[in-house]
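Using this note's numbering, the first residue of the sequence shown is number 399, and each one after it goes up by one. Here a beta-carbon is modelled for each residue, glycine too, at the ideal position from N, C-alpha and C.
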Amino acid sequence: MSAGDILDCSDLAIGHGDRVIMDRLNLSLAPGKILAIVGPSGCGKSTLMRVLGGLDEPLGGRTALMGVDLNAARGPERQEILRRTGFLFQGSALFSSLSLRENIEMPMREFLKAPQKEIRQLAEYKLALVGLADAMEKLPSEISGGMAKRAGIARAMALDPSVIFLDEPSAGLDPMSSGRLDELILRLREAFGTTIVLVSHEVPSILRTADFCVYLDPDTGTMGAFGPPKSFLQAGQPPKVHAFFSQARLD
Numbered sequence: 399m400s401a402g403d404i405l406d407c408s409d410l411a412i413g414h415g416d417r418v419i420m421d422r423l424n425l426s427l428a429p430g431k432i433l434a435i436v437g438p439s440g441c442g443k444s445t446l447m448r449v450l451g452g453l454d455e456p457l458g459g460r461t462a463l464m465g466v467d468l469n470a471a472r473g474p475e476r477q478e479i480l481r482r483t484g485f486l487f488q489g490s491a492l493f494s495s496l497s498l499r500e501n502i503e504m505p506m507r508e509f510l511k512a513p514q515k516e517i518r519q520l521a522e523y524k525l526a527l528v529g530l531a532d533a534m535e536k537l538p539s540e541i542s543g544g545m546a547k548r549a550g551i552a553r554a555m556a557l558d559p560s561v562i563f564l565d566e567p568s569a570g571l572d573p574m575s576s577g578r579l580d581e582l583i584l585r586l587r588e589a590f591g592t593t594i595v596l597v598s599h600e601v602p603s604i605l606r607t608a609d610f611c612v613y614l615d616p617d618t619g620t621m622g623a624f625g626p627p628k629s630f631l632q633a634g635q636p637p638k639v640h641a642f643f644s645q646a647r648l649d
């Protein structure tokens, strides 16, 4: 790990209960980069994302986020780290009874000591950033899947986080909507310098957006490769990793 890394893990083990899914995970990421977590279904992609983001405890090893050892951080220190992160879970996880604007306002009302008028303006600004200025008062049931994903990203960006974690952001979208979402992710990174960690099996999206990629290999129970995703298309790469990127999916 270098002093400037925003994310780092060493000898990390992840799983459920006492069952280890992946171990011996070692990787680091500089600020402002986009990391994709890939691999076959059931290999622990979402589990790794949650551990890196501090939502779940690892089964072993160490992980640090924004220079803070998440294994040791407790109380206010851990809450401050979590406040500086944003998450988009599968299905967008919007509150169905609230408008898009109200969904974005929720974390702001909880964490920002600001007048309601200012919070409303901030929420409207976030929705405008993701191209939803004309849909602010709509309910989640009144918008398309692609719009819901963009609204979920707006909520993840509500508190201007240093890092956002996106779980399968392109899943279920048509190619055009997926392409627009990729463009949005790149714009957010360029405009705000946000570090982005995403789980995905959509190879075209990964190749368009990610600076680095970690491939989780369920056969060995650890990382199969780590590096720029386009390098995995070249000869000499581990066969399973090369097949994943060459054939678009391996699950």
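Below 8 Å, enough C-beta pairs join the region 530-546 and the region 492-510 to call them touching: three or more.
Under the rule that a run must span 3 or more residues, the beta strand (DSSP E) segments found entirely inside the region 544-593 read 561-565.
By the CB criterion at 7 Å, leucine 605 and proline 627 fall inside the cutoff. Residue pairing of glycine 529 in beta bridges, as defined by DSSP: absent, with no partner found. Look at leucine 433 here: in three-state DSSP terms it is strand.
Looking from the CA of glycine 413, the closest CA among Leu427, Ile432, Gly402, Gly459 belongs to Gly459.
If you draw a straight line from the Cα of aspartate 409 to the Cα of threonine 620, it is about 10 Å long.
Methionine 447 and isoleucine 435 do touch by the CB rule: their CB atoms are close to 6 Å apart, below 8 Å. Linking methionine 545 to alanine 633 through their CA atoms gives a straight-line distance of about 38 Å.
When the beta-carbon positions are compared, alanine 623 and valine 601 stay at least 7 Å from each other.
Contact between cysteine 441 and leucine 614 is confirmed by a C-beta separation of about 4 Å, below the 8 Å threshold. Pairing glutamate 503 with alanine 521 gives a Cβ-Cβ distance under 7 Å. CA-to-CA, the gap between proline 505 and threonine 592 works out to about 18 Å.
As far as DSSP is concerned, cysteine 441 takes part in no beta bridge. For threonine 620, the enclosing beta strand (DSSP E) stretches over residues 620-625. Apart from the 5 residues on each side of it in sequence, alanine 569 sits with its Cβ closer than 7 Å to the Cβ of Gln488 in its chain, given in chain order. Using a Cβ distance threshold of 7 Å, lysine 443 and glycine 437 count as a contacting pair.
If the five residues before and after glycine 402 are omitted, its C-beta is found closer than 8 Å to the C-beta atoms of Ala428, Pro429, all from its own chain and listed in chain order. Here the alpha carbon of glutamate 588 sits roughly 11 Å from the alpha carbon of isoleucine 594. Boundaries of the beta strand (DSSP E) around phenylalanine 485: 483-486.
Comparing C-alpha distances from leucine 423 to each of Glu475, Gly415, Thr445 shows the shortest one belongs to Thr445.
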